[in-house]
Each structure stands twice: as structure tokens, then as C-alpha cells.
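Numbering (this note's numbering), first residue to last: 30 to 190.
And the structure:
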């Protein structure tokens, strides 16, 4: 992998953190063409197109390229979230299982996404178990809060089954 790719990626991430989404996106798109093996950039493009621009088709393109070209956990979890939101549950499950086995995977995030996957399918007991695993493995206050809210939501939903 090229040192130039890493420098360009770092600069793009600085733009993104500063709220300069357009500049970051342009740099990452150039990187995707110039360094197709640099999967971290493609994973971030997937995140940007999914979460910022709500362009799920383009997000899927970059997540898919990133997951096919490498073992970047961010790409697998980002793609899994997109698949959950588009109700493609079997595919989401497969990508989450792959992510769970990658060394750079954030286990708390993987458990959280498994919780969302189960909750979306109204498998509330399994969802609650996944959210609890996420809580026990996280150091993130925001993820902990999100999982606690999700557990409450699951309990509320049980009343309507």
C-alpha cells in the first residue's frame, strides 16, 4: 500500500472531522480510483454516502468494493447496517458474522448491530441478548446509552406481540 494513499486518507479524514464533507468526499473518490486496494477509503465513502447523503446505491457500491477487496471491519459493519435498513436480513447476518471474526472489529458495535438485526425481525429476546453483550463490551458512553434505550424499546414492543 502506498504511503501517498495513507497521507491522502489522513487529509480526507481531517476534512471530514472539520465538517468539510465535500472536500473529504472528493479526495476519497480520487483515492478509490487511484488506490482501489485501499479499502479504508472505500469504507468511509460508504459511510458518507449512506449516512450523510442518503444515497444507498452509491454507499452499497463502495461498501461492496471494500468488502470484496479486503478485510476492513468498518466496511463490513457499515454494509451490514445498510442491509438491515433495507431489510436484507440474511445478507446483513452474513456480513456481521464476517465482521465479528476480523481482528479490527469493534465487538461492541458488532453486538449492537446484531441487536438491531434481531430487533428489525421482531426477534426481541435475541435482540436483547445482543444489546446486553454490546453493553458489557463497550467503553463508549453513547453506545451504552443507545443499547439501554434499545433494551427499553424491546421491552415495550413485547407488549404488542
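Where a beta carbon is used, it is the ideal one built from N, C-alpha and C, also for glycine.
By alpha-carbon distance to residue 148, the top candidate from 185, 133 and 129 is 185. Under a 10 Å Cβ-count criterion, residue 130 is classified as exposed, with fewer than 16 other Cβ atoms of the shown protein chains found around its own Cβ. In this structure, DSSP gives residue 188 a state outside helix and strand, which the three-state scheme calls coil. Note on geometry: alpha-carbon atoms of residue 61 and residue 93 lie some 13 Å from one another. The beta carbon of residue 103 sits closer than 6 Å to the beta carbons of 72 from its chain, once the five residues preceding and following it are set aside; these are given in chain order. Pairing residue 69 with residue 105 gives a Cβ-Cβ distance that is not under 8 Å. Residue 171 sits in a helix when the DSSP states are folded into three classes. The continuous alpha helix (DSSP H) containing residue 93 extends over residues 85 to 98.
Secondary structure of residue 67 (DSSP, three-state): coil.
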